[in-house]
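Peer 1:
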Amino acid sequence: MNYELIPLFVAIPLGSAFLVSLLGKRLKGFSDAFSNLATFSLFSLSLLSVPVIGRLRILVYKVGGWIAPIGICMVLDSLTIFMLITVNLIAFLITIYSISYMERYTAKWKFYTLFLLMLAGMNGVIVTGDMFNLFVFLEIASISSYSLVAFGVEHEELEASFKYMVMGSLASSFILLGIAILYSHTSSLNMADISRILVERGSGEILFFVSALFIMGFGLKAALVPFHAWLPDAHPSAPAPISAMLSGLLIKALGVYALARIFFNVFGMSAISSSILMVLGIASMVLGGLLALGQDDIKRLYAYSSISQIGYVFLGIGMGTNLGILAGLFHLFNHATFKSLLFLNSGSVEYATGTRDLRKMGGLSSRMPVTGYSSLVGSMSISGIPPLAGFWSKLLIILSAIEAKHFIFASIAVLISILTLAYYLRVQRLAFFGELKESMRGIREVPLPMRVSMISLSIICLFGGLLLIPAIGKNFLNLATEVLVNGNKYAQVVFGSMK
Amino acid sequence: MSGKLSDSNKPGMTLIVKTITRLTVGLIFLYGIYIVMHGHLSPGGGFAGGVIIALSFIHFMLAFGKDLALKKLSSGAASLFENFGALMFLTIAFLGLTGGYFFFNFISKGRPFNLFSAGIIPLCNVAICLKVGAGLFAVFVALILTEITTKRSDR
Amino acid sequence: MIELYILLLFMILAAIIAVEIRDLLSSVIAVGAVGLGLSVAFLILKAPDLAITQLVVEILCLIILIRATIRRDIPMPNRKEEVIGLIMAVLFVGGFLFFAYFALKNLPPFGHPIMKVSQNYFSEGLRKTGATNLVASVILDFRAYDTLGEATVLFTAVIGVLTVVRRIGRKKPGEDIKED
Amino acid sequence: MIYLMCLFLFCIGVYCILVKRNIIKIIVGIGIVEYAINLFFILVGYRLRGRAPILAQDQVIQNMVDPLPQALVLTAIVIGLAVTALIVAIAIRLYERYGTFDVTKIRRLRG
Chain P
578 MNYELIPLFV
588 AIPLGSAFLV
598 SLLGKRLKGF
608 SDAFSNLATF
618 SLFSLSLLSV
628 PVIGRLRILV
638 YKVGGWIAPI
648 GICMVLDSLT
658 IFMLITVNLI
668 AFLITIYSIS
678 YMERYTAKWK
688 FYTLFLLMLA
698 GMNGVIVTGD
708 MFNLFVFLEI
718 ASISSYSLVA
728 FGVEHEELEA
738 SFKYMVMGSL
748 ASSFILLGIA
758 ILYSHTSSLN
768 MADISRILVE
778 RGSGEILFFV
788 SALFIMGFGL
798 KAALVPFHAW
808 LPDAHPSAPA
818 PISAMLSGLL
828 IKALGVYALA
838 RIFFNVFGMS
848 AISSSILMVL
858 GIASMVLGGL
868 LALGQDDIKR
878 LYAYSSISQI
888 GYVFLGIGMG
898 TNLGILAGLF
908 HLFNHATFKS
918 LLFLNSGSVE
928 YATGTRDLRK
938 MGGLSSRMPV
948 TGYSSLVGSM
958 SISGIPPLAG
968 FWSKLLIILS
978 AIEAKHFIFA
988 SIAVLISILT
998 LAYYLRVQRL
1008 AFFGELKESM
1018 RGIREVPLPM
1028 RVSMISLSII
1038 CLFGGLLLIP
1048 AIGKNFLNLA
1058 TEVLVNGNKY
1068 AQVVFGSMK
Chain D
35 MSGKLSDSNK
45 PGMTLIVKTI
55 TRLTVGLIFL
65 YGIYIVMHGH
75 LSPGGGFAGG
85 VIIALSFIHF
95 MLAFGKDLAL
105 KKLSSGAASL
115 FENFGALMFL
125 TIAFLGLTGG
135 YFFFNFISKG
145 RPFNLFSAGI
155 IPLCNVAICL
165 KVGAGLFAVF
175 VALILTEITT
185 KRSDR
Chain C
11 MIELYILLLF
21 MILAAIIAVE
31 IRDLLSSVIA
41 VGAVGLGLSV
51 AFLILKAPDL
61 AITQLVVEIL
71 CLIILIRATI
81 RRDIPMPNRK
91 EEVIGLIMAV
101 LFVGGFLFFA
111 YFALKNLPPF
121 GHPIMKVSQN
131 YFSEGLRKTG
141 ATNLVASVIL
151 DFRAYDTLGE
161 ATVLFTAVIG
171 VLTVVRRIGR
181 KKPGEDIKED
Chain Y
6 MIYLMCLFLF
16 CIGVYCILVK
26 RNIIKIIVGI
36 GIVEYAINLF
46 FILVGYRLRG
56 RAPILAQDQV
66 IQNMVDPLPQ
76 ALVLTAIVIG
86 LAVTALIVAI
96 AIRLYERYGT
106 FDVTKIRRLR
116 G
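Chains as they are written, first to last, in my numbering: chain P, 578 to 1076; chain D, 35 to 189; chain C, 11 to 190; chain Y, 6 to 116.
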């Protein structure tokens, strides 16, 4: 009976997007209520599937009743569930936040339509088990994000969106070319089938070339360092809920998840690709951190910090060891929560004061306690202060680097962690502490829905570390790690479950 | 484009263009419908047919100016049609659940080479055609309208 | 297959013209020539569905692009392009083609695809779906889920265009703007 | 060999995107890249002396070309059209705001 659940992950956001665009303009308040309902049902659906997957390990859904290499299949395994929960949880909290925040923009129903389409794209990428289908849903998510970045239609937003769009289409072209070459080589599009054929044939120049294309393509989507130039423009220009969505989820679902799934489960991880991923991760970590240090625009600083933290995730996953992958995935989850929290904070500051320049702020905590203290929690978590969630994931990444005898990488990770603490303390000092500026006397705390969403996110940041205790996080983190560690066995598992 | 060539109070292009457009536009429209309906038998299909139908409206608009074209199909109606097409496609997908699977081809296949055969495929073609035709027309209208407002703000 | 090579040479030539010519309108028209060449190439390669689609899409793209460039047809000033960017791009293209050569050598030769999965479409396509156009049976039955995604991409783009062309994006607190 | 010519077309497009400093030229480059990939997909599925994948009423057709890449390319063409429409809309708005298509003059954001 559980099979019917899987297509709903894509069908619910798609159907609600169509309905919102049909009725949202005519009925006041419909788009708010309906979008929140949709994201809430998605979140509860993903929670519901956790025990099912804990019992069965994998579910395969044959769309249209066609068996896998002929038709398309959707695969629900523990890694998928891990990503689905992360994405839908954050998306639900962000829709709550947007109820009030998006009052400042015109055409709210267009915002919700595009938002739901982006969510549908991400869920589609995560759930699918087919290469070309992955590309199609990746394009849905990207195209809606291009137009959401330009949502404010001011100079900067249009410019950032254009830059993002050019880079994004280039990335998509690389991915599509890779898929074409892979199709010619294996004559199949199903991931499990490709994996099986590649194991039989062994690797060669083709695999090397396709890996390079995919690293370029998905690396552009994930903003790894040589390909990061679009991110610091695009993420700050979007409205705050979208910045949170882009930085917290989009680069992970389209970049990290897709890359990890393809490299571990389809190609099989080799020493070369592992070290390439780690080196790229280290480079993003260092450069992102250094560039963040000199920023005065609060959202731009957060955007550079995203590049740096994505570097940590890649370092962990690229290690390929059990502990490394666990740490990388855990950091991915943590980064999704605290980075969206921080972007929502910056949105609240902008909502109340009308500026994003750190030098014009000061002492905001006294006037906006919820924003101030949730931002403190987020900053401490991202810079790795103990008992908060971010500390545990960073600790595990560093430990796994030591375990795998990468001492230089481990020490760089420690140094960058200190750097992170430095620039986040700077934000706290300039924006939230210190004395209140004269021009800021009249500001007030933000409306209730925005507060609710920020408070829930900071609670997750506070207690996220508990997920590491096996009794709580076993079905969540450890099983997801297992999927990646198993590598090429993915094909057998998928075909075994299809019979 | 060459709006300046004609009378300034008559929008659109010259008389020659208008006469020829009047003759051809219906044919293009019919051809689009033909392509859609025979999508499962011969080359073509919902997408190509939808673009052809959109092109017939765009052709009309370029020749006669935007006011007359929008009277035939207003942009609000276009986006309504588009939504309707999208929802129809999704509904077909959901009706497949009656046969057990999302997108299951649940209608009987009929005799091959007939117009009414192949189960859901012609229906899907019609849905896609509505969506594509109306959507592309809406895009075109939106782009044209921004250009007009741009020119006004320039002066 | 000689006509295919000639056509490809023509397309490459037109693409170079489109990239290098100064006048924007001519550039757009040259890229239209590439697209129409592609449509003919599809016909030679026995893909009539694609030929029709490519033809109509190309016409639509040309109309949109020409509307965008006409009357704004400012010739580009004769300025030096950034030398570093040029060198980087040339290096990238060279390296790309070099690696592509080795990778493509191992692909199945032109004209002899493996067709492992597609064999099923030939044997079961007509019986299971009832459509005589196998491409239609693939896009709307075997891989209909992809087509749902494709329709959604177009829907997204339409909403995106309508979003981008709004006159006013932000409003001040308490201000009420009539939305169109 | 024919694959390489096709990839050369791809490289012309990439070169155009990376080097040119004009919005319309960049859009042209994106278009060329899309054409090249679509062509590559179809070349990969072509069979020598093949027939189009459409069944006829009274004869059995042997040796058809691969229908799967054709279906995929159909999807890719639509995606290309969607991207082009959106990017042209953004380009028109940019022109409206800045009065130019030259990227070097559109520099409010720091790198």
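Here a beta-carbon is modelled for each residue, glycine too, at the ideal position from N, C-alpha and C.
(1) Counting Cβ pairs, one atom from each stretch, are 3 or more of them under 8 Å apart for the stretch 731-738 of chain P and the stretch 789-802 of chain P?
(2) If you measure from the beta carbon of Ile-62(D) to each beta carbon in chain C, is any gap under 8 Å?
(3) Less than 6 Å between C-beta atoms, sequence neighbours within five positions excluded: which residues of the same chain meet that for Thr-105(Y)?
(4) Going by the DSSP bridge assignment, what does Lys-110(Y) pair with across the sheet?
(5) Checking contacts by CB at 8 Å: is Ile-155(D) closer than that to chain C?
(6) Do three or more CB pairs link the stretch 705-724 of chain P to the stretch 845-855 of chain P at distances below 8 Å?
(7) From the DSSP output, which residues share a beta bridge with Lys-639(P)?
(8) Can you tell me where the alpha helix (DSSP H) with Asp-71(Y) in it begins and where it stops?
(9) Relative to the C-alpha of Val-587(P), which residue among Val-168(C), Leu-172(C), Gly-159(C) is closest?
(10) Rounded to whole angstroms, what's the CA-CA distance from Leu-759(P) to Leu-624(P)? Just pull it up for me.
(11) Return the residue from the list Met-95(D), Ala-120(D), Phe-171(D) that minimises the CA-CA distance to Leu-157(D).
(12) Can the beta-carbon of Cys-11(Y) be found less than 8 Å from the beta-carbon of Leu-53(Y)?
(13) Determine the contact status of Leu-114(C) and Leu-77(Y), defining contact as a CB-CB distance below 8 Å.
(14) Provide the residue span of the alpha helix (DSSP H) that contains Ser-608(P), from first to last.
(15) Would you mind sorting Met-191(C) into buried or exposed? The rule is 16 or more other CB atoms within 10 Å of its CB.
(16) Would you call the stretch 51-63 of chain D and the stretch 664-672 of chain P touching, i.e. three or more CB-CB distances under 8 Å?
(17) Roughly how many whole angstroms lie between the Cα atoms of Ile-95(Y) and Arg-634(P)?
(18) Reducing DSSP to helix, strand and coil, say where Asn-665(P) ends up.
(19) Nearest chain P C-beta to Ala-120(D) closer than 8 Å, yes or no?
(20) Contact defined as beta carbons within less than 8 Å: I believe Phe-659(P) pairs with Phe-1040(P). What is the distance between those atoms, to the nearest angstrom?
(21) On the DSSP letters alone, give me the boundaries of the alpha helix (DSSP H) that Lys-106(D) sits inside.
(22) Would you verify that the beta carbon of Tyr-1067(P) is, or is not, closer than 8 Å to some beta carbon of chain Y?
(23) Select from the stretch 598-615 of chain P all residues with a C-beta closer than 7 Å to any C-beta belonging to chain D, and list them in chain order.
(24) Which ranges does the alpha helix (DSSP H) cover as unbroken runs of at least 4 residues, wholly within the stretch 854-914 of chain P, from first to last along the chain?
(25) As an exercise, report each continuous alpha helix (DSSP H) stretch of at least 4 residues that is fully enclosed by the stretch 14-67 of chain C, in chain order.
(26) Can you give me, in chain order, the residues of the stretch 990-1011 of chain P that have a beta carbon less than 7 Å from any beta carbon in chain C?
(27) At 4 residues or longer, and completely inside the stretch 1027-1061 of chain P: list those alpha helix (DSSP H) runs for me, N to C.
(28) Can you have a look at Asn-143(C) and say buried or exposed, based on whether 16 or more other CB atoms are within 10 angstroms of its CB?
(29) From Phe-712(P) to Phe-785(P), what does the alpha carbon distance come to, in whole angstroms?
(30) Here's the rule I'm using: 16 or more other beta-carbon atoms within 10 Å means buried, otherwise exposed. How should Ala-1057(P) be labelled?
(31) If the cut is a Cβ gap below 8 Å, which residues of chain Y does Ser-738(P) touch?
(32) Comparing the C-beta of Val-843(P) with each C-beta of chain Y, is any distance below 8 Å?
(33) Quick check: the Cα distance between Arg-115(Y) and Gly-955(P), rounded to an integer number of angstroms?
(34) Which of the three DSSP states is assigned to Thr-705(P) in this structure?
(35) Compare the beta carbon distance of Gly-36(Y) and Val-171(C) with 8 Å and say whether it is the shorter of the two.
(36) Which runs of the alpha helix (DSSP H) spanning at least 4 residues fall entirely within the stretch 678-754 of chain P, listed in chain order?
Peer 2: The short version:
(1) no
(2) Your numbering for residue 62(D) matches position 28 in the second sequence. No, Ile-62(D) lies away from the interface with chain C (no Cβ there is under 8 Å from its Cβ).
(3) The residue you call residue 105(Y) lines up with position 100 of the fourth sequence. Excluding residues within five positions, none has a Cβ falling inside 6 Å.
(4) Counted from its first residue, the fourth sequence places residue 110(Y) at position 105. For Lys-110(Y), which the question treats as bridged, DSSP gives no partner whatsoever.
(5) As a first step, residue 155(D) must be located in the second sequence, where it is residue number 121. Answer yes: the Cβ-Cβ gap between Ile-155(D) and chain C drops below 8 Å somewhere.
(6) no
(7) Within the first sequence, the letter at position 62 stands for residue 639(P). Beta-bridge pairing links Lys-639(P) to Cys-650(P).
(8) Translated into positions along the fourth sequence, residue 71(Y) becomes position 66. Looking at the DSSP string, Asp-71(Y) is not in any alpha helix (DSSP H), and its letter there is neither H nor E.
(9) If you number the first sequence from 1, residue 587(P) lands on position 10. Checked all of Val-168(C), Leu-172(C), Gly-159(C); the closest Cα to Val-587(P) is Gly-159(C).
(10) Sequence index remark: in the first sequence, residue 759(P) carries index 182 (1-based). Sequence index remark: in the first sequence, residue 624(P) carries index 47 (1-based). Going by the C-alpha atoms only, they are around 35 Å apart.
(11) As a working mapping, residue 157(D) is identified with position 123 in the second sequence. Taking only the C-alpha atoms, the option nearest Leu-157(D) is Ala-120(D).
(12) Here residue 11(Y) is taken as the residue at index 6 of the fourth sequence, counted from 1. Here residue 53(Y) is taken as the residue at index 48 of the fourth sequence, counted from 1. Not a contact, by the Cβ cut-off of 8 Å.
(13) Here the question's residue 114(C) lines up with position 104 in the third sequence. Here the question's residue 77(Y) lines up with position 72 in the fourth sequence. Not in contact: Leu-114(C) and Leu-77(Y) (Cβ atoms no closer than 8 Å).
(14) Walking along the first sequence from the start, residue 608(P) turns up at place 31. Counting along the chain, the alpha helix (DSSP H) containing Ser-608(P) begins and ends at 607-633.
(15) Coverage of chain C is limited to positions 11 through 190, which leaves residue 191(C) absent and any answer about it impossible.
(16) no
(17) Translated into positions along the fourth sequence, residue 95(Y) becomes position 90. Translated into positions along the first sequence, residue 634(P) becomes position 57. If I take the Cα positions, the gap works out to 45 Å.
(18) By one-based count along the first sequence, residue 665(P) stands at place 88. Helix, per DSSP.
(19) Here residue 120(D) refers to the residue found at position 86 when the second sequence is read from its first residue. Yes, Ala-120(D) counts as interfacial toward chain P.
(20) If you number the first sequence from 1, residue 659(P) lands on position 82. If you number the first sequence from 1, residue 1040(P) lands on position 463. About 18 Å separates the two Cβ atoms, so there is no contact after all.
(21) Stepping through the second sequence from its first residue, residue 106(D) is reached at position 72. It spans 100-106 - the alpha helix (DSSP H) in which Lys-106(D) sits, taken as one unbroken run.
(22) Along the first sequence, read from residue 1 onward, the residue named residue 1067(P) stands at position 490. So, not an interface residue.
(23) Ser-598, Leu-599
(24) 875-896
(25) 34-54
(26) none
(27) 1047-1050
(28) Along the third sequence, one-based indexing puts residue 143(C) at 133. Buried, since its Cβ has 16 or more Cβ neighbours within 10 Å.
(29) Within the first sequence, residue 712(P) is the residue found at index 135, counting from 1. Within the first sequence, residue 785(P) is the residue found at index 208, counting from 1. Distance between the alpha carbons of Phe-712(P) and Phe-785(P): 20 Å.
(30) Along the first sequence, one-based indexing puts residue 1057(P) at 480. With 16 or more other Cβ atoms within 10 Å, it is buried.
(31) Stepping through the first sequence from its first residue, residue 738(P) is reached at position 161. Those are Ile-95, listed as they occur along chain Y.
(32) Taking the first sequence and counting its residues from 1, the one referred to as residue 843(P) is at position 266. No, because no Cβ of chain Y sits closer than 8 Å to the Cβ of Val-843(P).
(33) To locate residue 115(Y), count along the fourth sequence from 1; it is residue 110. To locate residue 955(P), count along the first sequence from 1; it is residue 378. Because Arg-115(Y) carries a pLDDT of 49, less than 50, the predicted location of this residue cannot be relied on, and the following value inherits that uncertainty. Cα-Cα distance, rounded: 27 Å.
(34) As a first step, residue 705(P) must be located in the first sequence, where it is residue number 128. Three-state DSSP puts Thr-705(P) in a strand.
(35) Counting from one through the fourth sequence, the residue named residue 36(Y) turns up at place 31. Counting from one through the third sequence, the residue named residue 171(C) turns up at place 161. It is not a contact, given that the beta carbons lie outside the stated cut-off.
(36) 685-704, 708-726
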